[in-house]
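J.: This is the structure, below, for whatever I ask next.
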Amino acid sequence: MFDVNDKIIYVGKAKNLKNRVTNYFQKTGHDLKKHALMQQAVKIEVTITANENEALLLEGNLIKQYKPRYNILFKDDKSFPYLVLSKDKFPRLFSYRGTKEAGYEYFGPYSNSLATRETLHFAQKVFCIRSCSDTFFRHRTRPCLQYQIQRCTAPCVGYVSEAEYHEQVSMLEQLLRGKNRIVLDELTKRMQEAAADKKFELAAQYRDKIAYIREVQTPQRVTKEGGESDVIALVEQGGVYCLQVLFVRFGSVVGSQAYFPNVPEFSTLEEVITAFLTQKYLDFAIEKGVPKNICINIYLAERAVLQETLNNVLNTKTKLLMVTTKGKYHSWMQMALTNAKESVQRHLLLHANLLDRFQVLQTTLQLTDLPQRIECFDVSHSAGEATVAACVVFTTSGAEKKDYRHFNIENVAAGDDYAAMHQALLRRYGYLKEHPAKMPQILLIDGGAGQLNIAANALEALALENIILLAITKDPERKSGVDFIYQFRFTTKNIVSVDCPAPALHLLQQIRDETHRFAVTSHRQKRAKKRRGSILEDIAGIGQKKRLALYKHFGGLQEVKQADVAALVKVPGVNQKLAEEIYRVLHEENKI
Numbered sequence: 000m001f002d003v004n005d006k007i008i009y010v011g012k013a014k015n016l017k018n019r020v021t022n023y024f025q026k027t028g029h030d031l032k033k034h035a036l037m038q039q040a041v042k043i044e045v046t047i048t049a050n051e052n053e054a055l056l057l058e059g060n061l062i063k064q065y066k067p068r069y070n071i072l073f074k075d076d077k078s079f080p081y082l083v084l085s086k087d088k089f090p091r092l093f094s095y096r097g098t099k100e101a102g103y104e105y106f107g108p109y110s111n112s113l114a115t116r117e118t119l120h121f122a123q124k125v126f127c128i129r130s131c132s133d134t135f136f137r138h139r140t141r142p143c144l145q146y147q148i149q150r151c152t153a154p155c156v157g158y159v160s161e162a163e164y165h166e167q168v169s170m171l172e173q174l175l176r177g178k179n180r181i182v183l184d185e186l187t188k189r190m191q192e193a194a195a196d197k198k199f200e201l202a203a204q205y206r207d208k209i210a211y212i213r214e215v216q217t218p219q220r221v222t223k224e225g226g227e228s229d230v231i232a233l234v235e236q237g238g239v240y241c242l243q244v245l246f247v248r249f250g251s252v253v254g255s256q257a258y259f260p261n262v263p264e265f266s267t268l269e270e271v272i273t274a275f276l277t278q279k280y281l282d283f284a285i286e287k288g289v290p291k292n293i294c295i296n297i298y299l300a301e302r303a304v305l306q307e308t309l310n311n312v313l314n315t316k317t318k319l320l321m322v323t324t325k326g327k328y329h330s331w332m333q334m335a336l337t338n339a340k341e342s343v344q345r346h347l348l349l350h351a352n353l354l355d356r357f358q359v360l361q362t363t364l365q366l367t368d369l370p371q372r373i374e375c376f377d378v379s380h381s382a383g384e385a386t387v388a389a390c391v392v393f394t395t396s397g398a399e400k401k402d403y404r405h406f407n408i409e410n411v412a413a414g415d416d417y418a419a420m421h422q423a424l425l426r427r428y429g430y431l432k433e434h435p436a437k438m439p440q441i442l443l444i445d446g447g448a449g450q451l452n453i454a455a456n457a458l459e460a461l462a463l464e465n466i467i468l469l470a471i472t473k474d475p476e477r478k479s480g481v482d483f484i485y486q487f488r489f490t491t492k493n494i495v496s497v498d499c500p501a502p503a504l505h506l507l508q509q510i511r512d513e514t515h516r517f518a519v520t521s522h523r524q525k526r527a528k529k530r531r532g533s534i535l536e537d538i539a540g541i542g543q544k545k546r547l548a549l550y551k552h553f554g555g556l557q558e559v560k561q562a563d564v565a566a567l568v569k570v571p572g573v574n575q576k577l578a579e580e581i582y583r584v585l586h587e588e589n590k591i
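Numbered as in numbering that gives the first Met the number 0, the sequence shown ends at 591 without a single skipped number.
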């Protein structure tokens, strides 16, 4: 269905097209969602498929592509992380997101990257499995730091035999599959044998590993059957829908994740769970892996069709199960429901607090309307190197990370924060002036009077004096939590202090801190990229071969910098003109 602007506002499917479409045009009997939809729909287009399975897949693809207003949308498109074990002579363990490939063994999925990193750290500490890249591994001539801190056995330099290494890998595989008891029994046996042979240091190492495994183990609800399941509990409270997915692998709960979809008003629980199953599993199942069972707590009329489609498309034998108050999956579903209710409470509390803070800020600034969008800017660099300006966006719903922007600052003096800020603001609001839909009501600057005046100059140059301009600056003694708020008044061209009540101040501090985090992260990425590269890459006429020829001739970049033009000409492929250009660029870089 299309609106008057020819934009898709709803995608649906039907076994009987005539009945489905006729239903929308009845004068009575509409629920509120259909009524709102038909107020805007002006055109309908139809695509005919061979069967229900194809219709289901097409519906999911169109919803993902066009994001219609009256469909339920799930915005998290990131695949789950896995732990991956390679099949090399000395296997490598590392975390991974993306499509599965042959030649690797995958463990997971894990609920988030933190859980993956913790498990990886655990594997290195207990089993000393390497995590370095193959390139790094092949070129080692001596052990790295991981060996020194006892996180690796240094197979790269032959400090451990292939057989001994594979014994550790085998125990790790068993542990990742949930066979904790087998691993603990084997380590206990080895500890006892080492103690009997009076190898007390070795026995102590086994003892510490056993203790660490027991420490990180958490009580799990375990069942002998159906050990690979995704248990999905859907709850709704105060208009907020939450789907809590509990990941059960090898009979143990390995993590969970909460989803808060965009749900049009008056949608049913059945519509929400159907949208989740089609958009998440049919789109990303190949990347994430499909469990043997998917358990839901909502009755689903199309359950058989969804199950058949999932199995036909992905060549699996997954069961889509409705879990009631009894049965072997009941305890897991109760756990998922408990987590879902708790997640909704936290979400509602956070949203309510944020809205309250926006309302207090509205009162403080004496605004007629509630501000819907606040943008904040900060500049980050290291002694003038790799200067970056960052822009963070907050609405009454929280941080809008998809709208974050960072600006690589060019052609300003090193360390000139004012010029960097001015350039970033002109670029940002020069663009938004042409695209006003995302123009903020409030612009917040991390800085004092100087930065505030610079921001005012930029907005005046763009004729955007209607934006409320604020600055947040720390106490001169840098006391934690003590900040001052200032406002630039365009009408009187002066700066006034704003007495901010605690809720409004906390909101501005939260936005400032997030901007600072984003700015520092962007700066570090830019700085690291620059330091990984070579200044020779920026010189026109020098490709990989000539760069390698220079390194080979002189021995390294520092030696190239010390060479004069006459010495540079002696390098194969470097003529007089290019030598002069290399000399000029390198010596200008040294001056900076």
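Note that beta-carbon positions come from the ideal geometry of N, C-alpha and C, so glycine has one too.
CB Pro67 to CB Tyr9, shorter than 9 Å?
T.: A contact, by the Cβ cut-off of 9 Å.
J.: Considering only DSSP beta bridges, list what Leu443 is partnered with.
T.: Note: Leu443 sits in a beta bridge opposite Cys375, Leu469.
J.: Using the three-state DSSP reduction, which class does Met334 fall into: helix, strand or coil?
T.: In this structure, Met334 counts as helix in the three-state DSSP scheme.
J.: Judging by CA-CA distance, which residue of Thr367, Lys340, Glu44, Glu53 is the nearest neighbour of Met0?
T.: It is Glu44 whose Cα lies nearest to the Cα of Met0.
J.: For the beta strand (DSSP E) that Ile231 lies in, which residues bound it at each end?
T.: Ile231 -> beta strand (DSSP E) spans 228 to 236.
J.: Does DSSP put Phe1 in a helix, a strand or coil?
T.: The answer is strand: DSSP assigns Phe1 an E or B state.
J.: Roughly how many angstroms separate the alpha carbons of Thr273 and Val387, rounded to a whole number?
T.: Answer to the nearest angstrom: the Cα atoms are 44 Å apart.
J.: For Val221, count neighbouring C-beta atoms within 10 Å of its own C-beta (all shown protein chains included) and say buried if the count is 16 or more, exposed if not.
T.: Caution is warranted here: a pLDDT of 39 is assigned to Val221, below 50, making its placement in the model unreliable, and no coordinate value can be reported.
J.: Quick check on DSSP: helix, strand or coil for Val570?
T.: In the structure shown, Val570 sits in coil (DSSP, three-state: anything other than H, G, I, E or B).
J.: Can you round the beta-carbon distance between Leu299 and Met332 to whole angstroms, since I take them to be within the 8 Å contact cut?
T.: Not quite, the Cβ-Cβ distance comes to about 15 Å (not below 8 Å), so this is no contact.
J.: For Gly449, which residues from the same chain have a beta carbon less than 7 Å from its beta carbon, with the 5 sequence-adjacent residues on both sides left out?
T.: Here the set comprises Tyr417.
J.: Could you say if the region 514 to 522 and the region 390 to 405 meet the contact criterion of at least three C-beta pairs nearer than 8 Å?
T.: Touching, yes, given that three or more Cβ pairs across the two stretches are closer than 8 Å.
J.: Would Gly414 be called buried (16 or more neighbouring beta carbons within 10 Å of its own) or exposed?
T.: Classification for Gly414: exposed.
J.: Which residue comes first and which comes last in the alpha helix (DSSP H) that contains Gln422?
T.: 416 to 433 is the span of the alpha helix (DSSP H), which, as asked, contains Gln422.
J.: Rounded to the nearest angstrom, what separates Leu506 and Arg546 at their Cα positions?
T.: When rounded, the distance between both Cα atoms is 51 Å.
J.: Mind checking who Leu625 pairs with in its DSSP beta bridge?
T.: As shown, the chain starts at 0 and ends at 591. That puts residue 625 outside it, with no answer to give.
J.: Report yes if the CB atom of Val183 is closer than 9 Å to the CB atom of Ala193, and no otherwise.
T.: Just to set this straight, residue 183 is Leu in the shown sequence, not Val. In this structure, Ala193 does not lie closer than 9 Å to Leu183 by Cβ.
J.: Are the beta-carbon atoms belonging to Leu469 and Leu443 less than 9 Å from one another?
T.: The answer is yes: Cβ separation under 9 Å.
J.: What's the gap between the Cα of Ser379 and the Cα of Glu163?
T.: When rounded, the distance between both Cα atoms is 49 Å.
J.: Since Arg248 is in the beta strand (DSSP E), which residue starts that stretch and which ends it?
T.: Residues 239 to 248.
J.: Using DSSP with H/G/I as helix, E/B as strand and the rest coil, what is Lys576?
T.: Helix, per DSSP.
J.: Could you tell me the alpha carbon to alpha carbon distance between Asp377 and His350, rounded to whole angstroms?
T.: Those two C-alpha atoms are separated by around 25 Å.
J.: Going by Cα to Cα distance, which pick from Ala398, Thr315, Tyr158, Glu384 is closest to Leu354?
T.: Ranking Ala398, Thr315, Tyr158, Glu384 by Cα distance to Leu354 puts Ala398 first.
J.: Where does the unbroken beta strand (DSSP E) through Thr386 begin, and where does it stop?
T.: That run of the beta strand (DSSP E) goes 384 to 394.
J.: Assuming the contact rule is C-beta atoms closer than 8 Å, Phe106 and Ser130 should be a hit. Round their C-beta distance to whole Å, please.
T.: So it is not a contact: roughly 14 Å between Cβ atoms.
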